[in-house]
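A quick write-up on the structure given underneath.
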Amino acid sequence: MSWYHRLGLSILIVLLLVSCSIDATSDTDEPTSRPLVQSARPVPSFVGAEAVSGAGDFFLIDKLVRSPQIDGIDLHVRYVERTADGLVVHVSFYNNRGEDLAYVTGADVNSARLSGDDGEYTLTAHSASLDSGIDPDGGWLNGGANVGTLTFAGAQGETLTLDFPGFPAVELNLDQPMAEGLDPLPPVEGVYSYDLEVASSRLENIALRIEQAKVEGDALLLTIAFVNRNESDITFTSTVKGDDAIIFDGRWQQYRPGQVQQTLDSGIEPQGSVWGEGEANQGVLTFPRPASGSVILFEFPSYPRIRIPLQPGENASIAEDRDLPPTAAPRPTPTAAPTPTPLSPEAQARQELRDLLARMTDALVDRDRDAYLAAFAPELHETQGQLFDRVDGLPLEELRIEPGDVDDNGALSSDQAELSGYQAEMSWKVREVDPENVFNANLEYTARRQDGAWQITAVGGQVPFWAYADTEAIRSGAFWIFYRPESADDLPDIEREAQQAFDQVNQELPNRAKPVNVMRVTATEQEFTDLTERSGDRFLGVASARFRIQKAGISIASQAFFINSAAFEEDPQQDRQRTITHELT
356 MSWYHRLGLS ILIVLLLVSC SIDATSDTDE PTSRPLVQSA RPVPSFVGAE AVSGAGDFFL
416 IDKLVRSPQI DGIDLHVRYV ERTADGLVVH VSFYNNRGED LAYVTGADVN SARLSGDDGE
476 YTLTAHSASL DSGIDPDGGW LNGGANVGTL TFAGAQGETL TLDFPGFPAV ELNLDQPMAE
536 GLDPLPPVEG VYSYDLEVAS SRLENIALRI EQAKVEGDAL LLTIAFVNRN ESDITFTSTV
596 KGDDAIIFDG RWQQYRPGQV QQTLDSGIEP QGSVWGEGEA NQGVLTFPRP ASGSVILFEF
656 PSYPRIRIPL QPGENASIAE DRDLPPTAAP RPTPTAAPTP TPLSPEAQAR QELRDLLARM
716 TDALVDRDRD AYLAAFAPEL HETQGQLFDR VDGLPLEELR IEPGDVDDNG ALSSDQAELS
776 GYQAEMSWKV REVDPENVFN ANLEYTARRQ DGAWQITAVG GQVPFWAYAD TEAIRSGAFW
836 IFYRPESADD LPDIEREAQQ AFDQVNQELP NRAKPVNVMR VTATEQEFTD LTERSGDRFL
896 GVASARFRIQ KAGISIASQA FFINSAAFEE DPQQDRQRTI THELT
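Here the numbering used here = 1-based position in the sequence shown + 355.
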């Protein structure tokens, strides 16, 4: 019987269970958070510089053994460094048991021994990461590691045996020299963007989105968001919060956030009693800069572990077994996630239409004409192509198409092949105009499933001014003036009268008019009627605005006014400047 068996070790493993209560309008079970022991500051495990006395020769060992006393805990002897003082053994301890641990006791690091032909060597130093034992500070997560060094002064020989309490003996053959150690370099500074959204195994339709990582100085700033993907607003409270997150570096060392943005410091839901449909609650988690590797793993309770490369041009992805630490035995089969309740055909169709609108928005932003037209049936390509093209050259920003804010959006046909009456909203901003003044048009789509994919076959609803016909725009004083090319000859007079009207209003009613206003000049009476729903032969102009009741209060958007150019041509006695003055107030 070897010496470490004679110690009569008692290895105590405690599983710490921390419950987490989440209430939502969606019908979900209450999840259990990861069992973490919180620390006052982020505490990574690391190889202490004091354990290495100087440059030396390196020898690959790469041997992995599992403890017979601690189920699922592996010792990895990675390599050995020969120094002037003796031998430094670089080791990692992995939690491969398939569950998190609060702590492990009984494995006395100071009892480690190294033996060879010349006798036995006692441990003379170890890295600070092993001060409290083989487990990392703050709890040991499944797939996490504690990395450290064991220094044996005076050790010599080419074949030695490492005896570490609680693990089988490991034979060290110093016959594979290396130029340097195996420790990956830390990530380089930079900003890296991602587009990954994953679903929770417990929270129905609450998605986790990975958006950005920024490596700067001694910190890693990770931007994430939680998104309500339900088809309605919900009420939601939880006790999982930003500091429940954890990352693993290239050697699977654990890091907790030292700082959590206020939006995530008390929960994953936005502030207020209602979480709006499609609303994202974004926040930044600040971790210590990882000590090793250009890829990290990110974990948050009830979401899959995520692989995040800290290098340009690579997207985040769901982690696979190959991303986990080495294991001395097959990994336990993970507990299957609860099977989610399948969506009804109507809900599935609406979700697929939502995804289609998201692709249309991406195409508009990326100016990808083919991708945009792919959402429409061939007979609509001409008109939708004109709409797409008219955006170019106009001061429009943040153009989006999103589902309308209605319950039971659209009616699905009995053969489940057509969705009619689907409400959508196109929104955009105008450059230099108050960003709170968001413009929009309510649309109604009919879509038909073609070869398993949806295509829009009919478009109804409101038509934006710039989509109605060829449009040009000019910034003139306190105005963005949108007009038809055939009205260009009238533009100098319109600009002059508009500025005079603005000056008059600003003098008599200071701050009444906006610093930058949107004016739309129609070319015909019929166009004026179509766009304003006011008779073109009776109205000279009309102001428009949209009032929206939201959980944060009432907002006013789409503030602009129309000038009926044709009416002034038919009756030159009318005073266009007075009309502009009236619409400004």
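Glycine included, each C-beta is placed from N, C-alpha and C at the ideal position. Since we're looking at a predicted model, the values are computed, not measured.
Asked: Express the C-alpha separation of G488 and I366 in angstroms, rounding to a whole number.; Found: The predicted position of I366 is uncertain, since its pLDDT is 39 and thus under 50; no value can be drawn from it.
Asked: Could you check the C-alpha separation between R889 and A868 for me, to the nearest Å?; Found: 23 Å
Asked: Going along the chain, which residues of its own chain have a beta-carbon closer than 7 Å to the beta-carbon of Q932, five neighbours each way excluded?; Found: E852, Q855 and A856
Asked: Let me make sure I understand the geometry here. Which of F834, L939 and Y434 has the alpha-carbon closest to that of P865?; Found: L939
Asked: Taking only three categories from DSSP, how would you classify D472?; Found: coil
Asked: From F923, F820 and E863, pick the residue whose C-alpha is nearest to that of E882; which is it?; Found: F820
Asked: By DSSP, does Y610 sit in helix, in strand, or in coil?; Found: strand
Asked: Given R421, which residues of its chain have a CB within under 6 Å of its CB, disregarding the five upstream and five downstream residues?; Found: D429, A683 and A684
Asked: Taking the beta strand (DSSP E) that F603 falls in, what are its first and last residues?; Found: I601 to F603
Asked: Taking the beta carbon of Q771 as the centre, do at least 16 other beta carbons fall within 10 Å, making it buried, or is it exposed?; Found: exposed
Asked: Per DSSP, which one or two residues make a beta bridge with K418?; Found: V432
Asked: Using CA atoms only, rank isn't needed, just tell me which of E701, A524 and F653 is closest to L679.; Found: F653
Asked: Looking only at its own chain, which residues have a Cβ that is under 7 Å from the Cβ of L348, when we skip the five neighbours before and after it?; Found: The structure shown does not extend to residue 348, since the chain is modelled only from 356 through 940, so no value can be given for it.
Asked: Suppose contacts are defined by Cβ-Cβ distances below 8 Å. Is M874 in contact with F923 by that definition?; Found: no
Asked: So Q778 and N764 are supposed to be a Cβ contact under 8 Å. How far apart are they, rounded?; Found: 6 Å
Asked: Please list, in chain order, all residues of the same chain as A713 whose beta carbon is under 6 Å from its beta carbon, the five residues on each side excluded.; Found: none
Asked: Among Q617, E571, G545 and G572, whose alpha-carbon lies nearest the alpha-carbon of I579?; Found: Q617
Asked: Mind checking I673: buried by the 16 CB within 10 Å criterion, or exposed?; Found: exposed
Asked: Report the three-state DSSP secondary structure of Y658 (helix, strand or coil).; Found: coil
Asked: Check R722 in the structure and name its three-state DSSP category.; Found: coil
Asked: Would you kindly work out how many angstroms separate the C-alpha atoms of D885 and T826, rounded to a whole number?; Found: 16 Å
Asked: How about S672: is its C-beta nearer than 8 Å to some C-beta of chain B?; Found: Protein chains in the displayed structure number just one, and chain B is not present.
Asked: Would you report the Cα separation of E753 and K784, rounded to the nearest angstrom?; Found: 6 Å
Asked: If you draw a straight line from the alpha carbon of V876 to that of H937, how long is it in whole angstroms?; Found: 15 Å
Asked: Applying the 10 Å Cβ sphere with the 16-neighbour rule, what's the burial state of P656?; Found: buried
Asked: For Q637, which residues of its own chain have a beta-carbon under 6 Å away from its beta-carbon, when the five flanking residues on both sides are left out?; Found: A580
Asked: With DSSP run on the structure shown, which of helix, strand or coil describes T738?; Found: helix
Asked: Can you tell me the Cβ-Cβ gap for S775 and T801, rounded? I've got them flagged as a contact below 8 Å.; Found: 5 Å
Asked: So what does E757 bridge to, in DSSP terms?; Found: E780
Asked: In whole angstroms, what is the alpha-carbon distance linking D789 and R893?; Found: 31 Å
Asked: Counting along the chain, where does the alpha helix (DSSP H) carrying I849 start and finish?; Found: L846 to E863
Asked: Could you tell me the distance, in whole angstroms, from the CA atom of T387 to the CA atom of T592?; Found: At T387 the pLDDT is 31, less than 50, meaning the model places this residue with poor confidence and gives no usable figure here.
Asked: Here's the rule I'm using: 16 or more other beta-carbon atoms within 10 Å means buried, otherwise exposed. How should T590 be labelled?; Found: exposed
Asked: Which value, in whole angstroms, describes the spacing of the CA atoms of I935 and A822?; Found: 23 Å
Asked: D848 to S842, Cα distance in whole Å?; Found: 11 Å
Asked: Specify, as a first and last residue, the run of the beta strand (DSSP E) that A554 falls within.; Found: G545 to A554
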